[in-house]
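Enquirer:
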Amino acid sequence: MPACWLSPEFLKIQRKNNMELHKLTLKQAAEGLRKKQFTSVELTQACLAQIKKRNKDLNAFITISEDRAIAEAKLADEMIENGQATELTGIPFSVKDSIATADIRSTAAAKILDNYTPVFEATVVEKIRKAGGVLIGKTNCDAFGHGASNENSMYGAVRNPYNLKKVSGGSSGGSAVSVADHMCFYSIAEDTGGSIRQPASFCGVFGLRPTYGRNSRYGVMPMASSLDVVGPMARTAEDLAIVLKYMAGTDKKDATTTVATVDNYDLIAEKEISAQGGSASGGKKSKLVVGIPKEYFEIEGINEEIKKNVLYQIEKFKEQGAEIVEVSLPHTKYAMAVYYIVVPSEDSSNMARLDGIRYGVREKKIKSLSELYEVSRANGFPEEVKRRILIGTYVLSAGYYEAYYKKAQKVRTLIKSDFEKVFKEVDILIAPTSPFPAFELGEKKSDPLQMYLADVMLSPAAVAGYPALSVPTGFTAEGLPIGTQIIGDKMKEGLLLQVGKFLTKKD
Ligand code: GLN
116 MPACWLSPEF LKIQRKNNME LHKLTLKQAA EGLRKKQFTS VELTQACLAQ
166 IKKRNKDLNA FITISEDRAI AEAKLADEMI ENGQATELTG IPFSVKDSIA
216 TADIRSTAAA KILDNYTPVF EATVVEKIRK AGGVLIGKTN CDAFGHGASN
266 ENSMYGAVRN PYNLKKVSGG SSGGSAVSVA DHMCFYSIAE DTGGSIRQPA
316 SFCGVFGLRP TYGRNSRYGV MPMASSLDVV GPMARTAEDL AIVLKYMAGT
366 DKKDATTTVA TVDNYDLIAE KEISAQGGSA SGGKKSKLVV GIPKEYFEIE
416 GINEEIKKNV LYQIEKFKEQ GAEIVEVSLP HTKYAMAVYY IVVPSEDSSN
466 MARLDGIRYG VREKKIKSLS ELYEVSRANG FPEEVKRRIL IGTYVLSAGY
516 YEAYYKKAQK VRTLIKSDFE KVFKEVDILI APTSPFPAFE LGEKKSDPLQ
566 MYLADVMLSP AAVAGYPALS VPTGFTAEGL PIGTQIIGDK MKEGLLLQVG
616 KFLTKKD
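The letter at position 212 of the sequence shown is residue 327 when you use this note's numbering, and the numbering goes up by one with no holes.
1. Return the CA-CA distance between residue 412 and residue 550, expressed in angstroms with no decimal places.
2. Write down every uninterrupted run of the alpha helix (DSSP H) in the stretch 304-340 whose length is 4 residues or greater and which is fully enclosed by it, in chain order.
3. Should residue 370 go down as buried or exposed, given a rule of 16 or more other Cβ atoms within 10 Å for buried?
4. I think residue 204 touches residue 247, with their Cβ atoms under 8 Å apart; what is that distance to the nearest whole Å?
5. Whole angstroms are fine: how far does the CA of residue 603 sit from the CA of residue 390?
6. Which residues share a DSSP beta bridge with residue 590?
7. Report the residue ranges of all alpha helix (DSSP H) runs contained in full by the stretch 502-552; include only those spanning at least 4 residues, in chain order.
8. Quick check on DSSP: helix, strand or coil for residue 278?
9. Consider the C-beta atom of residue 297 and the heavy atoms of the ligand GLN; say whether any pair is separated by less than 7 Å.
10. What is the DSSP secondary structure of residue 617, reduced to helix, strand or coil?
11. Using 8 Å as the Cβ pair cut-off and three pairs as the minimum, do the stretch 336-353 and the stretch 134-145 touch?
12. Just to confirm before moving on: does the CB-CB distance between residue 345 and residue 303 stay below 8 Å?
13. Sort 545, 588, 385, 463 by Cα distance to residue 438 and report the nearest one.
14. How is the beta strand (DSSP E) around residue 209 delimited, first residue to last?
15. Going by DSSP, what residues sit across from residue 555 in a beta bridge?
16. Decide if residue 358 is buried, meaning its Cβ has at least 16 other Cβ atoms within 10 Å, or exposed.
17. I want to check one thing, is the minimum distance from the CB of residue 310 to the heavy atoms of the ligand GLN below 7 Å?
18. Report the CB separation of residue 279 from residue 323 in whole angstroms; it is logged as a contact under 8 Å.
19. Tell me the start and end of each unbroken alpha helix (DSSP H) in the stretch 150-174 that is at least 4 residues and wholly inside, in chain order.
20. Starting from the C-beta of residue 170, find all residues in its chain whose C-beta is less than 8 Å away, skip the five residues before and the five after it, and write them out in chain order.
21. For residue 472, name the three-state secondary structure that DSSP assigns.
22. Would you call the stretch 481-493 in contact with the stretch 457-471, where contact means no fewer than 3 C-beta pairs closer than 8 Å?
23. Is it buried or exposed, residue 289, if we count other Cβ atoms within 10 angstroms and call 16 or more buried?
24. Flag this pair as yes or no: are the beta carbons of residue 269 and residue 200 separated by less than 8 Å?
25. So does the stretch 179-188 actually touch the stretch 324-340, counting three or more Cβ pairs closer than 8 Å?
26. Can we say the stretch 401-415 touches the stretch 451-462, given the rule of at least three CB pairs closer than 8 Å?
27. Taking 7 Å as the cut-off, is the C-beta of residue 284 nearer than that to any heavy atom in the ligand GLN?
28. What separation, rounded to the nearest whole angstrom, lies between the Cα atoms of residue 387 and residue 620?
29. Can you check which of these residues, 319, 286, 595, 331, is closest to residue 615 by C-alpha distance?
30. Taking 6 Å as the limit between beta carbons, can you name the residues of its chain near residue 609, skipping five residues before and five after?
31. Please state whether DSSP places residue 441 in a helix, a strand or coil.
32. Check whether the stretch 255-274 touches the stretch 208-222, taking contact to mean three or more Cβ pairs, one atom from each stretch, closer than 8 Å.
33. For the alpha helix (DSSP H) that contains residue 136, what are its first and last residues?
34. Terminal residues of the continuous beta strand (DSSP E) containing residue 383?
35. With distances taken Cα to Cα, identify the nearest neighbour of residue 403 among 425, 237, 433.
36. Rounding to the nearest angstrom, what Cα-Cα distance links residue 284 and residue 585 in this structure?
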């Protein structure tokens, strides 16, 4: 980015055209607002104009909260005027539709919640709004987070901005596209088993799955409560760091949040990765130690261009003086199986509250209570959600519980101990985010097992509760984005962001 990017002349032209402001990074936009080079209303209008232009093709938003966004932008301009601004004040952001937003419809992309407008706010959204954030709309996703292509949304699939015939990834496809296509500056999404990282990699943006418990889950519609985390997506590592600083922290409404102090992620991300990078970030040795988990590279069918790109990232670490070691996480191969037993089990219980009585759409012309449940759920959930409910109910039923669920939990412990052991030796692990780039719409939709395989690189860290970041590190020859995944030790989000910044630094 040239130094003159925010020069007064440039901004005067921008302001006149009022069209390119949405292409700034969050950091640049915050700086421009603080220097009064433009207003939050102008910034918000630029994003709304982009949404109007592109959403009909991309389908990234289920609800666009235009009037409300403009009203919030006006308040933000007052905050700036009164010297009360934070870095997030006046900056438009989007929120995945499975996260509750007070007075704004939250459907989770399922028709059973088509008319649901929460009366309360998810803690993470509340924190950002208090900081002056401008909520521009709710993003499309696979219903309740079930999927890896965004084709399980009952509001239509989200399309990839790099190729409209391809999927956006899922489940947080709308969030990824809203950021990639400059419809807002960052998005708040949810990752149970890859839903932030995979769409981020398919759409060429950063997506962070924080450590389990780093951020409050209060107000996030639960999928699998022991895996769900909330995290940000943005166009740069620095922008992610800023957002995480405001989102993170303990919450008395969520007993699983950690009391660990919130780091100054943006200051950490600023630091250079160097031969001393590891120690600067509280690492294992004086050098940054990068682990190559061999099992991730042995996965069958891994796209050669992706493999090459990730190996090139490893070279960059070498050049920087980092120590590279091959490591083994022997139980990696069981992570998917564990995931697809534990997740549907928790899922079947979490989805039970959606019965047509307590929340959302209640079918009419019904003769009995059981028919009310049946018809409301039959019409309100897509196939994939029903499939998970059935698998979960089966797995938890008497006789199968010991054979499947209990065994899966035991293997989950082994997967966690693989990570514990390896992080005694290395600072970070590097692997692809996904074995393949964005695929064709419809290509895997009718084959759930193929769709589940999209999670192969993503479920291990999720099952074990470790943080992981997808970094946009290049493109295939076809022009589709490639993501490199960096997995860190618990609570080492700062180091992940620092590494993310290093890998995307322009030479
Ligand atoms: N592909 C995963 C699944 O369908 C992603 C879920 C998620 O992270 N919300 O379970």
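Here a beta-carbon is modelled for each residue, glycine too, at the ideal position from N, C-alpha and C.
All values reported here derive from a predicted model rather than from experimental measurement.
Expert: Per the coordinate set shown:
1. 9 Å
2. 312-318
3. exposed
4. 3 Å
5. Bear in mind that the predicted position of residue 390 carries a pLDDT of just 49, short of 50, making it unreliable; the figure below should be weighed with that in mind. So the alpha carbons of these two residues sit roughly 18 Å apart.
6. 596
7. 522-537
8. strand
9. Taking 7 Å as the cut-off, one finds no heavy atom of the ligand GLN near enough to the beta carbon of residue 297.
10. Residue 617: helix per DSSP, three-state reduction.
11. A contact exists between the stretch 336-353 and the stretch 134-145.
12. yes
13. It is 545.
14. 207-211
15. 281
16. Per the 10 Å Cβ criterion, buried.
17. yes
18. Contact doesn't hold; Cβ gap of about 27 Å is too wide.
19. 155-173
20. 176, 179, 298
21. coil
22. yes
23. buried
24. no
25. no
26. Verdict: no, contact absent.
27. no
28. C-alpha of residue 387 to C-alpha of residue 620: approximately 10 Å in a straight line.
29. 319
30. 378, 380, 383
31. strand
32. The stretch 255-274 and the stretch 208-222 touch, with no fewer than 3 CB-CB distances between them shorter than 8 Å.
33. Segment: none, residue 136 is in no alpha helix (DSSP H) and carries neither H nor E.
34. Taken as a continuous stretch (DSSP letters only), residue 383 belongs to no beta strand (DSSP E), being part of the alpha helix (DSSP H) at 380-385.
35. Checking every option, the nearest Cα to that of residue 403 belongs to 433.
36. Distance between the alpha carbons of residue 284 and residue 585: 13 Å.
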